[in-house]
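Heads up, the sequence shown is in this note's numbering, so the first residue is 142 and it goes up one at a time.
Taking it in order: structure first as structure tokens, then the write-up.
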Amino acid sequence: MISLIQKCILLDKPPGFTSNKVLNIVKKKLDIKKAGFSGTLDPFASGLLIIFLNKSTKACSFFLDSDKSYSGEIKLGKTSSTGDPTGEISVTSKKVFIEEDKIKAIQNKFFGESFQKPPKFSAIKINGQRAYELARKGVNVDIPERKIFVNNLDIIKTSESTLKINISCSKGTYIRSIAQDISKEFGYDGYLLSLRRESIGKISLKNALSFNDLETLSIEKIYSRLVSVDTLFVDTNKIALDKDECTKVCNGQEVFSSQFSPGQALIYSHNRDFIGIGEVSQEKVLFPKKIFV
């Protein structure tokens, strides 16, 4: 049987499931106790979840800071109590007219760095409680603004009251808030009708296993779709160590070599087995950060 110690599964989460529910389904299917994911998706959303298995869960933190890309739809002329289709919907404009000649100028307003106020229905903690828990109790809380960065935004009119968006943004960006802000730029209320995560860093949804395949494929075929955690680190330096150096690194000790290049590095043994992730200083000293063996 294949070793799952350093494996991950790229999964296309369907709408209607919490990320934790999907995680538990994966754990049961693969009969493992330890697994985690990097970046929660709201229940109404779909798209890429990177699920780390066993010791590969140590890599989760490296992808929390990655940029994300999404596609989604915005419904204008209506509001939602949660900013998405799960909330109470109210009609605020019976007629909506989207001026297409304004789209480019509105897109440009969102590029770059800005400050965003997260929605009240969010997982942010306020004095030890989740904001959405307080919101459900009717407690009015002031959530501080957060710095975000939008790398790219495309807005496309798809109907008289619906917009499609494609966005690439920094971690911690709430697309529900982006959707409401875009709606206001067009002169209407609005909410995020649908959301799909297309990528995390350079890892694309295109290579993900569908949820239907997860439920129906044999365990052997699912194993064949697992990926090694080191393959997720695209464009990262690779370092091969000799036996003595491997022993030091696995014991948390640093290693020097004039051949090392500064920056993050994937560490391999003399047998080409993946060991972990480290950081090489300007002085060419390798410091182990996460060890996977």
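Virtual Cβ for every residue (Gly too), placed ideally from N, Cα, C.
Touch test, the region 310-330 against the region 254-264, Cβ-Cβ under 8 angstroms, three pairs minimum:
Because the criterion of three Cβ pairs below 8 angstroms is met, the region 310-330 and the region 254-264 touch.
Thr388 lies in the alpha helix (DSSP H); which residues open and close that run?
Within the sequence shown, the letter at position 247 stands for residue 388. Per DSSP, Thr388 belongs to the alpha helix (DSSP H) from 384-391.
Would you call Val421 buried or exposed, if buried means 16 or more other Cβ atoms sit within 10 Å of its Cβ?
On the sequence shown, residue 421 is found 280 positions in, with the first residue counted as 1. Classification of Val421: buried, given that the 10 Å Cβ count is 16 or more.
Mind checking whether Leu151 and Ile344 have CB atoms under 8 angstroms apart?
Reading the sequence shown from its first residue, position 10 is the one you call residue 151. Reading the sequence shown from its first residue, position 203 is the one you call residue 344. Result yes, Cβ atoms of Leu151 and Ile344 sit closer than 8 angstroms.
Option in Ile230, Asp414, Asn249 with minimal Cα separation from Asn292
Reading the sequence shown from its first residue, position 151 is the one you call residue 292. Among Ile230, Asp414, Asn249, the Cα nearest to that of Asn292 is on Asn249.
For Val232, which residues of its own chain have a beta-carbon under 8 angstroms away from its beta-carbon, when the five flanking residues on both sides are left out?
The residue labelled residue 232 in the question sits at position 91 within the sequence shown. Answer for Val232: Gly218, Lys219, listed in chain order.
Using the beta-carbon count (16 or more within 10 Å), is Cys386 buried or exposed?
Working through the sequence shown from its first residue, we reach residue 386 at position 245. Checking the sequence shown, residue 386 turns out to be Glu, not Cys. By the 10 Å Cβ count, Glu386 comes out buried.
Endpoints, the alpha helix (DSSP H) within which Ile319 is located
If you number the sequence shown from 1, residue 319 lands on position 178. For Ile319, the enclosing alpha helix (DSSP H) starts and ends at 316-326.
Smallest Cα separation from Thr314: which of Thr388, Glu326, Phe327, Leu294?
Translated into the one-based positions of the sequence shown, residue 314 becomes position 173. That would be Leu294, whose Cα lies nearest to the Cα of Thr314.
Could you name the residues that DSSP lists as bridge partners for Ile267?
Sequence index remark: in the sequence shown, residue 267 carries index 126 (1-based). DSSP output for Ile267 lists Gln270 as bridge partner(s).
List in chain order: all unbroken alpha helix (DSSP H) runs of 4+ residues lying wholly within the region 336-378.
Whole alpha helix (DSSP H) segments, 4+ residues: 352-357, 360-365.
Smallest Cα separation from Phe352: which of Lys148, Ile146, Thr159, Gln147?
Position 211 of the sequence shown holds residue 352. Here the closest residue by C-alpha is Thr159.
Which full runs of the beta strand (DSSP E) of 3+ residues lie inside the region 232-309, going along the chain?
List check, beta strand (DSSP E) in window: 253-257, 287-300.
Suppose you measure from the CA of Asp354 to the CA of Lys236; what does that come to, to the nearest Å?
If you number the sequence shown from 1, residue 354 lands on position 213. If you number the sequence shown from 1, residue 236 lands on position 95. Using only the alpha carbons, I get a separation of about 42 angstroms.
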